[in-house]
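Which chain is which? The protein sequence lines are A and B, in order.
Under our numbering, the first residue of the first sequence is numbered 15, with each subsequent residue one higher.
Under our numbering, the first residue of the second sequence is numbered 15, with each subsequent residue one higher.
See below for the structure under consideration.
Protein chains: 2
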Amino acid sequence: MNDCLQLFRNKWLEKPRIVLGVMTGTSFDGIDLAIAKIGMVKGKLLFEVLAHTMTEYPVELQEYFSTITKTNQTALSDLSTFNFLHPKVVGASITKFLAENTFTNTIDAIGYHGQTIWHQPSPIEKGTFSSASTLQLGSGSVLAQITGLPVVNEFRYADVFFGGQGAPLVPIFDRDVFFNPHNEVVLVNIGGISNISILNPSTDDVIAYDVGPGNVWLDYICKKYFDKDFDTNGEFASTGIVSNSLWFKLLEIEFINLPYPKSTGRELFSPQLLNEIISSLEYISPSDILHTLAKFTAYCISKEIEQNTIFNTVVYVSGGGLHNSVIQKYLREFLQNAQFSTTEQKGIPSDAKEALCFAYLAWRILGGMPIAIPSITGAKKETISGTIAFPS
Amino acid sequence: MNDCLQLFRNKWLEKPRIVLGVMTGTSFDGIDLAIAKIGMVKGKLLFEVLAHTMTEYPVELQEYFSTITKTNQTALSDLSTFNFLHPKVVGASITKFLAENTFTNTIDAIGYHGQTIWHQPSPIEKGTFSSASTLQLGSGSVLAQITGLPVVNEFRYADVFFGGQGAPLVPIFDRDVFFNPHNEVVLVNIGGISNISILNPSTDDVIAYDVGPGNVWLDYICKKYFDKDFDTNGEFASTGIVSNSLWFKLLEIEFINLPYPKSTGRELFSPQLLNEIISSLEYISPSDILHTLAKFTAYCISKEIEQNTIFNTVVYVSGGGLHNSVIQKYLREFLQNAQFSTTEQKGIPSDAKEALCFAYLAWRILGGMPIAIPSITGAKKETISGTIAFPS
């Protein structure tokens with residue numbers, strides 16, 4: 015088999031390829047699609063974004079999908095349906111996207127993350143057996159049939175099998191696309207949770223980890239008091255001021271003072287914890303809560319950058335938090351010596367970054383290159399990972 | 015991408031390959047492993063069985079796995095664990111098998127069916143959306159990491175996507191391995207359910223469908239009255255006689271009188287239905303029940319063969335029912351003009367037939383050949399199906 019595989023991989027790397035990446039958020043708010051031309055040209059990575067879009071989920075499926083993935087106990091029939099319906103919805107949006115873009119390029123492959131149904135990187139015991147595990151559903155086979163294109167998925171399985179966290183996977187993309195021999199580069203992604211990647215200009219080392227909350231608490235408060243999914247441009251937050259009582263309580267959260275590597279999620283930064291904190295204090299206006307939380311998001315990010323960089327630091331911000339003016343204001347206050355930039359200036363649209371990352375990982379897998387960095391995920395070895403489904 | 019894929023497939027078919035097939039029963043009674051040398055030699059299929067074995071599941075996992083796959087509602091953490099633990103158990107038995115066999119041949123790939131968690135080939139509706147679906151778990155990625163070999167799985171997805179039943183998949187194996195230009199050939203597999211494949215000597219047409227119960231009711235009665243998992247060699251059945259009251263009740267079951275194509279399962283031939291039938295009758299001894307059920311299994315098979323074959327019929331029997339003397343006796347009584355043979359006489363060990371089938375399907379997928387027959391599965395088109403996971 016190795017003879018076949020070697021031929022395949024050599025051919026794949028012979029010229030730049032066009033790969034489409036798909037990322038669908040855990041809150042089923044949208045389907046991110048992005049197309050890039052990727053190749054090795056004279057020993058250097060070519061990565062050129064050709065197009066990207068974000069399309070919405072059909073409203074009637076949003077709730078159904080959320081229920082399936084967010085309860086611990088789910089009917090098998092619903093999981094099975096999800097496994098087919100999710101790629102069908104994604105496939106329909108790809109078809110529409112391609113029709114609108116009238117590509118002259120043929121797409122070579124799709125990188126499709128699917129939806130995480132369960133993620134358990136620490137082994138759990140069953141009698142004398144034990145196993146870590148992760149489960150993403152959304153069949154690559156089905157998407158391959160719909161689109162007529164090869165689909166790569168199951169990006170996290172091999173890393174988790176080898177003892178890794180199966181995450182984060184973005185740092186390898188950050189390293190290869192944003193590396194700069196003259197500057198220390200920090201990529202900041204402010205999604206539900208905030209994470210950073212720090213690239214060392216003299217080696218190809220990357221440090222990457224979660225630093226604290228991103229928008230998760232901001233969105234929750236916005237929904238609770240203003241009935242809006244998120245605080246557009248930080249408008250509500252900007253009418254508030256810092257509540258010192260809340261601010262000092264937030265600084266006590268143990269996670270933010272732990273040394274890296276560390277990772278976190280919505281389980282820790284939950285509505286419950288925030289409500290507990292707020293109800294232990296005297297009344298704070300919703301705008302003040304938002305303002306303080308935005309400052310806290312900026313603080314968690316800045317503190318880590320401050321501690322782990324030395325000089326000439328360029329900071330690229332992406333994710334929803336990029337559009338929150340209060341977060342941005344505090345980031346600049348906390349990091350006065352850093353040079354701020356956006357991923358756009360490097361040709362990577364912020365909103366498409368994750369989708370582009372999965373296009374890149376698919377390209378690497380098809381070329382036989384590892385996709386996870388063991389020093390970041392904690393895995394025992396580098397893994398190529400991924401499965402490939404071909405159309406009929 | 016097509017350029018890469020074509021190279022891969024041509025190379026794969028250039029010489030015979032060694033493929034290992036894995037089949038694990040729905041009752042978690044064992045893991046069937048079989049290795050075959052498969053290739054096209056001068057336009058003809060070479061299919062040579064090199065080794066096979068059946069290993070047992072670790073007892074402590076049998077019940078855990080059964081609970082996961084047999085309840086409609088399952089904790090996501092258990093499904094995720096199953097997705098990793100099942101290939102780990104399979105991987106351990108492959109490693110042991112290969113060590114014991116001291117192969118000089120390198121294995122090229124593994125065909126791993128995994129376990130069906132849910133199978134819903136008829137579309138179900140969700141608002142204005144609808145989808146058929148199927149879900150097999152047991153990650154091919156994980157098995158590839160454990161064995162260091164490429165793993166093919168997700169055999170049924172593409173067929174179900176294109177409107178097929180995703181089953182049966184064995185007929186294509188039956189057709190290619192058992193075809194005989196001089197005889198009508200019938201393959202009978204007596205597993206939980208009985209199914210047949212009928213090969214026409216003048217075309218490469220195959221008719222294949224489920225004909226009725228195999229051992230499902232026999233095993234149930236055996237467990238209930240004799241506390242044994244199955245009736246070894248039909249010993250209990252052979253001490254009984256036909257109960258006419260039960261016999262005539264069984265003949266009324268609608269399914270057995272439907273024309274083909276048809277498929278069935280344990281949902282129809284359930285303990286509930288059998289208990290209902292039996293309790294509507296006067297007392298019948300357990301051995302008489304077993305004897306009558308064995309005759310009924312033979313009848314369901316024979317009736318279909320009788321109706322759908324013409325002349326010179328060779329019948330190959332495989333599956334657990336091959337070892338039930340009462341089923342075998344009645345088959346010969348009902349089909350006096352047929353010539354009985356075993357798959358062994360064609361070099362295919364009966365117990366390894368399904369595992370060999372999945373080795374063969376994996377070989378076809380890697381060579382870019384379709385694996386399901388639309389006239390049998392009901393799909394709108396031929397599908398190659400399958401995903402391929404590579405080791406790191």
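We put the CB at the ideal spot given by N, CA and C, even for glycine.
Would you identify the three-state DSSP class for Phe61/A, choosing helix, strand or coil?
On the first sequence, residue 61/A is found 47 positions in, with the first residue counted as 1. Strand at Phe61/A.
To which residues of the same chain is Thr327/A closer than 8 Å at the C-beta, ignoring the five residues directly before and after it?
Residue mapping note: residue 327/A aligns to position 313 of the first sequence, counting from 1. So the list reads Asn197, Glu198, Val199, Val200, Ile319, Leu349, Asn351, Ala352, Gln353, once near-sequence residues are dropped.
Give the interface partners of Phe404/B over in chain A, defined as CB-CB distance under 7 Å, in chain order.
Counting from 1 along the second sequence, the entry for residue 404/B is found at position 390. Residues of chain A passing the Cβ test: Leu19, Ile398.
For Ile121/A, count neighbouring Cβ atoms within 10 angstroms of its own Cβ and tell me buried if that reaches 16, exposed if not.
Taking the first sequence and counting its residues from 1, the one referred to as residue 121/A is at position 107. Flag for Ile121/A reads buried.
From the DSSP output, in three-state form, read off Gln342/A for me.
Reading the first sequence from its first residue, position 328 is the one you call residue 342/A. DSSP places Gln342/A in helix when its eight states are reduced to three.
Using a C-beta to C-beta distance shorter than 8 Å, which residues of chain B count as neighbours of Val36/A?
Reading the first sequence from its first residue, position 22 is the one you call residue 36/A. Neighbours of Val36/A on chain B: none; closest Cβ ~16 Å, over 8 Å.
Can you give me the C-alpha to C-alpha distance between Ser216/B and Cys18/A, rounded to a whole angstrom?
Taking the first residue of the second sequence as position 1, residue 216/B is located at position 202. Taking the first residue of the first sequence as position 1, residue 18/A is located at position 4. Taking the straight line from one Cα to the other gives about 36 Å.
Tell me whether Thr95/A sits in a helix, a strand or coil according to DSSP, three-state version.
The residue given as residue 95/A occupies position 81 in the first sequence. In this structure, Thr95/A counts as helix in the three-state DSSP scheme.
Cβ of Ile131/A within 7 Å of any chain B Cβ:
Along the first sequence, read from residue 1 onward, the residue named residue 131/A stands at position 117. Taking Cβ atoms only, chain B reaches closer than 7 Å to Ile131/A, which makes this a yes.
Just grab the DSSP bridge partners of Ile52/A for me.
Working through the first sequence from its first residue, we reach residue 52/A at position 38. Ile52/A is bridged to Arg31/A, Phe61/A.
Got a sec: which bits of the stretch 134–165 of chain B sit with their beta carbon under 9 Å from any beta carbon on chain A, in order along the chain?
Gln134, Ile138, Lys140, Gly141, Thr142, Phe143, Ser144, Ser145, Ala146, Ser147, Thr148, Leu149, Leu151, Ser153, Gly154, Ser155, Val156, Ala158, Gln159, Ile160, Leu163, Pro164, Val165
Just to check my reading of the structure: Pro227/A and Cys314/A have Cβ atoms closer than 8 Å, yes? What is that Cβ distance to the nearest angstrom?
For the purposes of this step, residue 227/A is taken as residue 213 along the first sequence, with counting starting at 1. For the purposes of this step, residue 314/A is taken as residue 300 along the first sequence, with counting starting at 1. With a Cβ gap of about 7 Å, Pro227/A and Cys314/A count as contacting.
Where in the stretch 93–180 of chain B do unbroken runs of the alpha helix (DSSP H), each at least 4 residues long, occur, reported from the N-terminal end onward?
Those alpha helix (DSSP H) runs which fall completely within the stretch 93–180 of chain B and span 4+ residues are 154–161, 171–175.
When you check each C-beta in the stretch 58–77 of chain A against every C-beta of chain B, which residues fall closer than 9 Å?
Pro72, Glu74, Leu75
Through-space distance from Phe117/A to Glu268/B, alpha-carbon basis
Residue 268/B sits at position 254 when you count from the first residue of the second sequence. Residue 117/A sits at position 103 when you count from the first residue of the first sequence. Approximately 55 Å between the Cα atoms of the pair.
Across which residues does DSSP place Val331/A in a beta bridge pair?
In the first sequence, counting from the first residue as 1, residue 331/A sits at position 317. Val202/A, Thr356/A, per the DSSP bridge assignment.
Hey, out of Val104/A, Asp188/A, Lys25/A, Phe244/A, whose CA is closest to Ile385/A's CA?
Here residue 385/A corresponds to residue number 371 of the first sequence, with the count starting at 1. Comparing Cα positions, the closest option is Asp188/A.
Closer than 8 Å is the cut-off here; do at least three beta carbon pairs connect the stretch 125–132 of chain B with the stretch 85–98 of chain A?
Flag = yes, the stretch 125–132 of chain B and the stretch 85–98 of chain A touch.
Am I right that Thr401/A and Ile402/B are in contact with their C-beta atoms under 8 Å? What's the rounded C-beta distance?
For this step, residue 401/A is matched to residue 387 along the first sequence. For this step, residue 402/B is matched to residue 388 along the second sequence. Under the criterion of beta carbons closer than 8 Å, Thr401/A and Ile402/B qualify as touching, at roughly 6 Å.
Endpoints, beta strand (DSSP E) assigned at Tyr223/B:
Taking the second sequence and counting its residues from 1, one reaches residue 223/B at position 209. Taken as a continuous stretch (DSSP letters only), the beta strand (DSSP E) holding Tyr223/B covers 220–227.
Please classify Gly333/B as buried or exposed, where buried requires at least 16 neighbouring CB atoms within 10 angstroms.
Looking up residue 333/B in the second sequence gives position 319. Gly333/B should be labelled buried.
Beta-carbon within less than 7 Å of Ser153/B's beta-carbon, same chain only, minus the 5 sequence neighbours each way: which residues are those?
Counting from 1 along the second sequence, the entry for residue 153/B is found at position 139. For Ser153/B, where only same-chain residues beyond five positions count, the Cβ hits under 7 Å are Asn97, Phe98, Pro101.
Go ahead and pull the three-state DSSP assignment for Ile315/A.
The residue you call residue 315/A lines up with position 301 of the first sequence. In this structure, Ile315/A counts as helix in the three-state DSSP scheme.
Does the stretch 36–51 of chain B come close enough to the stretch 67–75 of chain B to have 3 or more Cβ pairs within less than 8 Å?
Between the stretch 36–51 of chain B and the stretch 67–75 of chain B, the count of C-beta pairs closer than 8 Å reaches three or more; the two stretches touch.
When the Cα of Gln286/A is compared with those of Asp190/A, Cys236/A, Trp231/A, which residue comes out closest?
On the first sequence, residue 286/A is found 272 positions in, with the first residue counted as 1. Closest by alpha carbon: Trp231/A.
Just the Cα atoms here: how many angstroms apart are Tyr78/A and Leu151/A?
As a first step, residue 78/A is located in the first sequence; it is residue number 64 there, counting from the start. As a first step, residue 151/A is located in the first sequence; it is residue number 137 there, counting from the start. If you take the alpha carbons of Tyr78/A and Leu151/A, they lie about 15 Å apart.
4 or more residues per run - each alpha helix (DSSP H) lying fully within the stretch 279–312 of chain B:
285–293
Does the beta-carbon of Ser147/A have 16 or more other beta-carbons within 10 angstroms, so that it is buried, or is it exposed?
Within the first sequence, residue 147/A is the residue found at index 133, counting from 1. Result: buried.
On the DSSP letters alone, give me the boundaries of the alpha helix (DSSP H) that Ile387/A sits inside.
As a working note, residue 387/A is residue 373 in the first sequence. Careful: Ile387/A lies outside any alpha helix (DSSP H) and carries neither H nor E.
CA-to-CA distance, Glu281/B to Ile292/A, given in whole angstroms:
Within the first sequence, the letter at position 278 stands for residue 292/A. Within the second sequence, the letter at position 267 stands for residue 281/B. Their backbone Cα atoms lie some 53 Å apart in a straight line.
Apply the 10 Å Cβ neighbour rule to Gly53/A and answer buried if 16 or more other Cβ atoms are within range, or exposed otherwise.
Position 39 of the first sequence, counted from the first residue, corresponds to residue 53/A. Burial call: buried.
Tell me, please, which residues DSSP counts as bridged to Ser211/A.
In the first sequence, the residue the question calls residue 211/A occupies position 197. Answer by DSSP bridge pairing, in chain order: Leu201/A, Ala222/A.
Could you pull the start and end residues of the alpha helix (DSSP H) that Ala366/A belongs to?
Here residue 366/A is taken as the residue at index 352 of the first sequence, counted from 1. Here Ala366/A belongs to no alpha helix (DSSP H), and DSSP marks it neither H nor E.
Min CB distance Asp173/B to chain A below 7 Å:
As a working note, residue 173/B is residue 159 in the second sequence. With respect to chain A, the C-beta atom of Asp173/B has no partner C-beta closer than 7 Å.
Count Cβ pairs between the stretch 170–185 of chain B and the stretch 297–311 of chain B that sit closer than 8 Å; are there 3 or more?
no
Check whether chain B comes within 7 Å of Thr401/A, counting only Cβ atoms and requiring the distance to be less than that.
The residue given as residue 401/A occupies position 387 in the first sequence. So yes, Thr401/A belongs to the interface.
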